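Residue numbers (this note's numbering), protein chains in the order written: chain B, 19 to 162; chain S, 8 to 126; chain X, 20 to 205; chain E, -18 to 67; chain F, 218 to 325; chain C, 3 to 101; chain V, 36 to 116.
The beta-carbon is built from N, C-alpha and C at its ideal position, and this holds for glycine as well.
Since we're looking at a predicted model, the values are computed, not measured.
Structure first, then comments.
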Amino acid sequence: MAGMTVIVRTIARLLFPFTFLFGAYIVIHGHLTPGGGFPGGVIIAASIVMLILAYGIERAQKKVGFLHAEVLESVGGIAIVILGLFGLLLGISFLQNVFPLGELGQLFSAGNLPLLYLGVGVKVTAGIILIFYAMLFAFRGEEE
Amino acid sequence: MDFNYIIAMLLVALGIYCLLLKRNLIKMVIGLAVLTDGIHLFLISLGYRLGGTAAIVSGEMFSDLPGFAAHAVDPVPQALVLTSIVINICILALALSLAIYAYRHYGTLDPSKIRRLKE
Amino acid sequence: MQSEKLKFDFVLLSKGAIPMAKGSLFVTFVCLWLAWIALTGSLNFQELAVGAIVAAFVAMVSYGLLFRGKMREKFDLKRWGYALAYVPAYFWAELKAHANVIYYILHPRMPIKPGIVRVPTKLQSDFGITGLANAITMTPGTLSVEVSEEDSSLYVHWINVKAVEPEQTSKQIAWPFERFLRRIFG
Amino acid sequence: MILLGILIVIFGACLLCALRAALGPTAPDRIVAIDALIALMISALVLLGVYYRAPIYLDVALVYAFLAFLGTLAIAKYLEGRGIET
Amino acid sequence: MIEIIAYILLGIGAACAIIGALGIVRFPDVYNRIHANTVVVVGGVIVTLLGASVLEGLSSYTLKILIIALFLFLTNPVGSHAIARAAHKSGVKLWRRSVVDKLEEEKP
Amino acid sequence: MQRALALGMVVAIGVLLVFTVSTNLLPFGSFPSRQIGENFDNSIGQQILENAPQQTGAANVVTSVVWGYRGYDTLGEVTVLFAAVVSVVMIFRAFGRRE
Amino acid sequence: MSLEFLIQNALLVFLFVLCLIAIELKDLLYSVIVLAGASITLTVVFFMLQAPDIAITQAAVGAGVTTVLFVIAISRTRRRE
C-alpha cells in the first residue's frame, strides 16, 4: 500500500492547503515583509513534496504532473521577460518600472516588483518540483 | 572583536578541508554546503551596523524615512546573498545528480577510484 | 492486488471516486480566507481582495483534501460544544502527564517500566483516529508507534506499563480523549 | 533583559540536544535530538522577534513550524527500508 | 498583572525545556527519548510561545504566535510517530528492562 | 604524504584567511564608515537606503535592490536556476535511456 | 560586550561545532541530520544580524529542500562513507 500510515496522510492533507496559502502569502507580500519569490516558491514546492512523502509519487502527480511543471516553469520565465519588455517598448530600458508606484506600505505599490516576484515564484515552484520529480523518477525500485 | 569574521573564515577552511581530504562525493557536497554557509555569514556580517534594524520600512518608520536610513543595515550584501543561496541550491541539486550518476556508472563514490577506472 | 489498492483509495487525489460534497469548495474557501486574514493581520480592502483571489485559487487546487462528506454534519452545534469541552480535559491530562514524566527524568534511578501495548479503539473516521493518535503522542509518557487499520487499534509505547490487557489499556490511555473524540468526529 | 535570560536557558537546552545528536548510537536518536533542537530554536526565534519589537520577523519562525517535519518524514521513510517515492 | 502571568509562563517554559533536554540525554532508548522530546515541545516551546503572546497583549503578534503554536502542535506528533515507527521497523531494540512488546508479538 | 600536504595546505589557508580578516577590515558593526575619507554618505548601501523608498515604492529595501537596482543580476540568477533544472532533468533522462 | 553579542558569539561557536560534527561523522545519514541542525542555527544567526530576508530564505531551503535532496541521494547510493 502506497504512502505512510493514516496519521501522516491525514495531517498532510490537512496541512497542504495552508502551506500552499502561506507560500502564496510570502510571494505576494515580498515587497512589504521579508520573503519574496524564491522562499515562497520553495515553500509551495515543499507542500507538494509533503504530498509525495505522504501519498507516494503517483498520487502527487495527479495534482501537478511532470508536463504541468515544465509548462509552468516556461510560463514564469516568459512572464518575467515580457514584464521587462514593457519598459523597453515604452522607450526607457529593459526591466524598468512603467507602472504607478502607489503609496508606500500598501499592497498595491512598488510598480512591477510584485509582478516580477509572482513570475519568479511560479518559476521556482515549478523548478524545484521538476528537480524532485527527476531525482525520484530515475532508478525507481532498484535500491539495494 | 571580529568574532563573526573569524568563525566565517573557519567555516570556509572547514569546507575546503572537507573538499580536499574526504574521499566521498556526497561528503564533499556537504563540505560545499558548509563552505557557502561560511561565505554567506561573512557577507552578512560585513553589512551589519551596531544597533541597526532590518532594511524593511515597518511600523512607525513610515513617517520617519531619514531616521530609517540612519539606522538600517546594509541591503546590498543581503541581495547578493539572496542570489547566492539560489545558485547554491542549484549547484547542490546538480552535484547530487552527478554523484548518483557516477555511482551508477562506476559503482563507487570515491573520486580517486573513479579516475582510476577511466584509464 | 489492484482491488486491494482500490479499497484503500480514500486518499482521493483524483476526483470522481467518491462524489464531492456540494459545499466543500465554499467552506474550504472561507477557511483559507480566514487564514489569510490571520496571516496578514489587517482588514485593509486591498489585502482582503487579494486574499479572496488567492484563497479561491488554493481552494480550487485542493478542495477535495480538507473536507469530505456532508457539510451539514460539520456544523452540528453539539459537535462544537463537545470540542469546547475537550479543551480543559485535554489540558488536565497534559498537566498530569508532564508532572509524571518530569518526575521520572529528575529521579536519580529512573523507575520506569517501558513497553509497547495494544490499545483498541472504536473510532472509525480518519480524523478521529488521527486526533486520538496525536493526542496520545502529544501527552508525554505515551507514544503511538503503529496504527493498524484492519482491527482499528493503536500500538502505544507506554513509559510505565500498568496493564497489558486491551480493555485496561483502552480505559487508561485512550478513554480520556476518546469519549470526546467519538462525539466530535464520529 | 528577562527575555535574554530565558533565551540563554533555551540555548543551554539546545546544547544538551546537540550532545545527544553527537553521541546518539542510532539514527532515530539523532533525529529526535535535532527535532527538539529545531523546536527550541523556533521558540528562540519568536522570543527574538518579540525582543526586537517587529511582528514581521515572525514569518521566519512560521516557515520552520510548517516545514520542519518534512526532513523527519523523509528520513523515516528511508529508514523503513523502501524508496522515498512510494 | 498581565506581565507577571507572562513571565511565569516563560519561566515554566524555560524550566520544562531544560528538563526535557536533560531527559533526551538521560533516557536509555529511542522511544523513551521521544517522551522527553514531547516534554520539550509541549511544556517548553508551546508554553513559551503562549507566554510571549500574553506578554505582547492583543496585537498583530498574538495571532501569528498562536498560529505558530498550533502548527507546531499539529506537525510534531506526526514526526514523532513516523520516526518511532521507522525505528521499530528498522530493528531498533527496546531497552533491555522493557516489560512487554505487543507489536513484536502480534505483528512480526 | 599527499594527505599530509593537503592538511598542511588547509591549515595554511585557514590561518591566512583568519589573519587577513581580523587585521585588514574595519571592526564588526561599522557599516556606513566603510568608505575611505570623510564623506560617509558616499557608501552605496547608504545611498540606496536613503533613496529606495521614494524611487521604487517598496517597503522592503532588499526587494528594491534585488529587482530594482540589480535587476539584471537577478535575471541571471533565474537563468542559472533554469539551466540547473534542465541539466538535472537531462541527466536522468539520458541515463534512463541508456539502461 | 553586551549580552546580545555574547549570545550571538555563543551561537556562532555552536554553529561551528555542529558543522565540525557533520563533517567528521562517518555515516552520511548522520551528517545530513546534523547539517539540518546547523542550518537552523545559521538561520538564528542571520536573524540576530538583522537580515530577515536571508533568514527566511535559509529557513525555507534548509527545512524543505536540502535534507530531502540529500536523503534521496543517499537512498540512491550508499549510506556508509
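Residue i: contacting residues in chain E (beta-carbon distance under 9 Å)
i: residue 117 of chain B; result: Ordered by position in chain E, no residue passes the 9 Å Cβ test against residue 117 of chain B, which lies about 24 Å from the chain.
i: residue 271 of chain F; result: Result: empty, since nearest Cβ-Cβ is about 11 Å, beyond 9 Å.
i: residue 261 of chain F; result: -9, -6, 17, 20, 21 and 24
Burial state of residue i (16 or more Cβ within 10 Å)
i: residue 111 of chain X; result: exposed
i: residue 85 of chain S; result: buried
i: residue 74 of chain C; result: exposed
i: residue 79 of chain C; result: buried
i: residue 33 of chain C; result: buried
i: residue 71 of chain S; result: exposed
i: residue 122 of chain X; result: exposed
i: residue 94 of chain V; result: buried
i: residue 36 of chain X; result: Bear in mind that the predicted position of residue 36 of chain X carries a pLDDT of just 43, short of 50, making it too unreliable to give a figure here.
i: residue 225 of chain F; result: exposed
i: residue 109 of chain V; result: buried
i: residue 186 of chain X; result: exposed
i: residue 92 of chain C; result: exposed
i: residue 276 of chain F; result: exposed
i: residue 42 of chain E; result: buried
i: residue 314 of chain F; result: exposed
i: residue 1 of chain C; result: What the structure shows of chain C is the stretch from 3 to 101, and residue 1 of chain C is not part of that stretch, so it cannot be assessed.
i: residue 99 of chain X; result: exposed
Which residues DSSP lists as bridging residue i, in chain order
i: residue 66 of chain C; result: DSSP lists no partner for residue 66 of chain C.
i: residue 179 of chain X; result: X/132
i: residue 63 of chain S; result: C/62
i: residue 115 of chain V; result: V/62
i: residue 318 of chain F; result: X/135
i: residue 167 of chain X; result: X/172
i: residue 149 of chain X; result: BP columns for residue 149 of chain X are empty, so no partner.
i: residue 161 of chain X; result: X/177
i: residue 79 of chain S; result: S/60
Where residue i meets chain V, residues with beta-carbon distance less than 7 Å
i: residue 10 of chain S; result: 44 and 47
i: residue 64 of chain C; result: 88
Check: residue i C-beta below 7 Å from any heavy atom of the ligand PLP
i: residue 248 of chain F; result: By its list of ligands, the structure shown contains no ligand whatsoever, and the ligand PLP lies outside what it can speak to.
Under 7 Å from the C-beta of residue i: neighbouring residues of chain B
i: residue 15 of chain E; result: Going along chain B, no residue has its Cβ under 7 Å from residue 15 of chain E, so there is no contact; the nearest lies around 17 Å.
i: residue 107 of chain V; result: 153 and 154
Neighbour list for residue i in chain C, Cβ cutoff strictly below 8 Å
i: residue 43 of chain S; result: Simply none; closest approach about 14 Å.
Under 8 Å from the C-beta of residue i: neighbouring residues of chain F
i: residue 26 of chain B; result: 295, 298 and 299
i: residue 29 of chain B; result: 291, 292 and 295
Interface partners of residue i on chain C, CB under 7 Å
i: residue 149 of chain B; result: 87 and 90
Per-residue contacts from residue i into chain E (C-beta, under 8 Å)
i: residue 219 of chain F; result: Simply none; closest approach about 14 Å.
Chain B contact residues for residue i, given Cβ-Cβ distances below 9 Å
i: residue 55 of chain E; result: 67 and 71
Note to self: For the region 54 to 76 of chain S, list every residue whose C-beta sits within 9 Å of some C-beta in chain V, in sequence order.
What the structure shows: 54, 55, 56, 59, 60, 61, 62 and 63
Next item on the list: Give the residues from the region 68 to 100 of chain V that approach chain S closer than 9 Å (Cβ to any Cβ), ordered along the chain.
Entry: 70, 73, 74, 77, 80, 81, 84, 85, 86, 87, 88, 89, 92, 93, 96 and 100
Item checked: Cβ contact check for the region 32 to 42 of chain B and the region 67 to 82 of chain X: 3 or more pairs under 8 Å -> yes
Check: Given 8 Å as the limit, is there contact between the region 277 to 296 of chain F and the region 48 to 61 of chain E, that is, 3 or more CB pairs closer than that?
Finding: yes
Next item on the list: Count the CB pairs spanning the region 67 to 80 of chain B and the region 77 to 92 of chain C that are closer than 8 Å, and state whether there are at least three.
Entry: no
Note to self: At a CB distance below 8 Å, what residues from the region 38 to 51 of chain B approach chain X? Give them in sequence order.
What the structure shows: Residues 38, 39, 40, 42, 43, 46 and 47.
Notebook entry, point to check: Using 8 Å as the threshold, is the region 58 to 68 of chain V in touch with the region 33 to 41 of chain E, meaning 3 or more CB pairs across them?
Noted result: no
Checklist line | the region 57 to 90 of chain X: positions lying closer than 8 Å to chain F by Cβ | finding: 57, 58, 60 and 61
Notebook entry, point to check: Three or more beta-carbon pairs under 8 Å between the region 250 to 263 of chain F and the region 18 to 27 of chain E, yes or no?
Noted result: yes
Notebook entry, point to check: When Cβ atoms are compared, which residues of the region 26 to 44 of chain E fall closer than 7 Å to chain S?
Noted result: Answer set for the region 26 to 44 of chain E: 35 and 37.
Check: Do three or more CB pairs link the region 66 to 81 of chain V to the region 89 to 109 of chain V at distances below 8 Å?
Finding: yes
Check: Just by C-beta distance, which residues in the region 144 to 162 of chain X are closer than 7 Å to chain F?
Finding: Closer than 7 Å at the C-beta level to chain F, one finds these residues of the region 144 to 162 of chain X: 152, 153, 156, 157, 159, 160 and 162.
Item checked: chain X contacts made by the region 229 to 241 of chain F, where a contact means CB separation under 8 Å -> Going along the region 229 to 241 of chain F in chain order, one finds 233, 236, 237, 239 and 240 with a Cβ nearer than 8 Å to chain X.
Notebook entry, point to check: When the Cβ atoms of the region 79 to 95 of chain S are set against those of the region 42 to 56 of chain S, are three or more pairs found closer than 8 Å?
Noted result: yes
Item checked: chain F contacts made by the region 111 to 140 of chain X, where a contact means CB separation under 9 Å -> Those would be 113, 116, 117, 120, 121, 123, 124, 125, 129, 131, 132, 133, 134, 135, 136 and 137, in chain order.
Notebook entry, point to check: Using Cβ-Cβ distances below 9 Å, what residues of the region 50 to 63 of chain V are close to chain S?
Noted result: 50, 51, 54, 55, 57, 58 and 63
Margin query: Assess contact between the region 48 to 58 of chain B and the region 185 to 196 of chain X, defined as three or more Cβ pairs (one per stretch) separated by less than 8 Å. Is contact present?
Written below: no
Checklist line | Cβ contact (3+ pairs, closer than 8 Å) linking the region -15 to -2 of chain E and the region 280 to 287 of chain F | finding: no
Check: Are three or more beta carbon pairs between the region -5 to 12 of chain E and the region 67 to 85 of chain V nearer than 8 Å?
Finding: yes
Margin query: Count Cβ pairs between the region 142 to 154 of chain X and the region 223 to 242 of chain F that sit closer than 8 Å; are there 3 or more?
Written below: No, they do not touch.
Note to self: Under 8 Å: do the region 55 to 66 of chain C and the region 122 to 133 of chain B share three or more Cβ pairs, one atom per stretch?
What the structure shows: yes
Margin query: Closer than 8 Å is the cut-off here; do at least three beta carbon pairs connect the region 71 to 79 of chain V with the region 41 to 58 of chain V?
Written below: yes
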